[in-house]
Amino acid sequence: MMPPNPPAPLWRRAAALFYDLMFVIALLMLATLILLPFNGGQALPQTGVFAWVYRAYLLLWAATYFSVFWCIGGQTPGMKVWYIRVILPARGCYTTALLRFLGGLVSLLLAGIPFWLAQFHPEKR
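So, in structure tokens, the structure goes:
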């Protein structure tokens, strides 16, 4: 049995997150570009029901980006550059990846506090 890999240090996790953020921003720009012809090429509304549907649409694209990369190779492009790998179960990979994405989203909404608290966990997880 191989010993488990040590957890990535905080700076590598942050660097991978920043790198992936650049990819996600580009992906969301393309996702928005897909919608523009349906709105006559005009800017999308920022209020009302459509604004919430649009945000959910973008969130779905971001969740798909992370879930697909995590389930196919265990790494996003940013994680690959910094030699970080996610270990997911063989069954229910997309469910676990979606839960991981939602947990990361909550962490970001809480100003990354859980991200920082992981450094004080005995296993750094």
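For the sequence shown, my numbering assigns the number 593 to the initial residue and increments by one for each residue that follows. We treat Cβ as the ideally placed atom computed from N, Cα and C, and that holds for glycine. Owing to the predicted nature of the structure, the values given are computational and were not obtained by experimental measurement.
Quiz item: Is the beta carbon of residue 676 less than 8 Å from the beta carbon of residue 600?
Solution: yes
Self-check item: Selected residue, minimal CA-CA separation from residue 682, among 618, 671 and 663
Solution: 663
Quiz item: Mapping DSSP to helix, strand and coil, what is residue 604?
Solution: helix
Quiz item: Is DSSP giving residue 664 helix, strand or coil here?
Solution: Judged by DSSP in its simplified three-state form, residue 664 adopts helix.
Quiz prompt | Residue range of the alpha helix (DSSP H) that includes residue 705 | solution = Counting along the chain, the alpha helix (DSSP H) containing residue 705 begins and ends at 705 to 709.
Quiz prompt | Bounding residues of the alpha helix (DSSP H) (the contiguous stretch that carries residue 632) | solution = Neither: residue 632 is in no alpha helix (DSSP H) and is coded neither H nor E.
Quiz item: By Cβ distance below 6 Å, which residues in the same chain neighbour residue 689 in space, the five residues on each side in sequence not counted?
Solution: 659, 662 and 663
Quiz item: For residue 655 versus residue 693, is the C-beta spacing smaller than 8 Å?
Solution: yes
Exercise. Please work out which residues of its chain come closer than 6 Å, Cβ to Cβ, to residue 667, disregarding the five sequence neighbours upstream and downstream, and give them in chain order.
Key: 677
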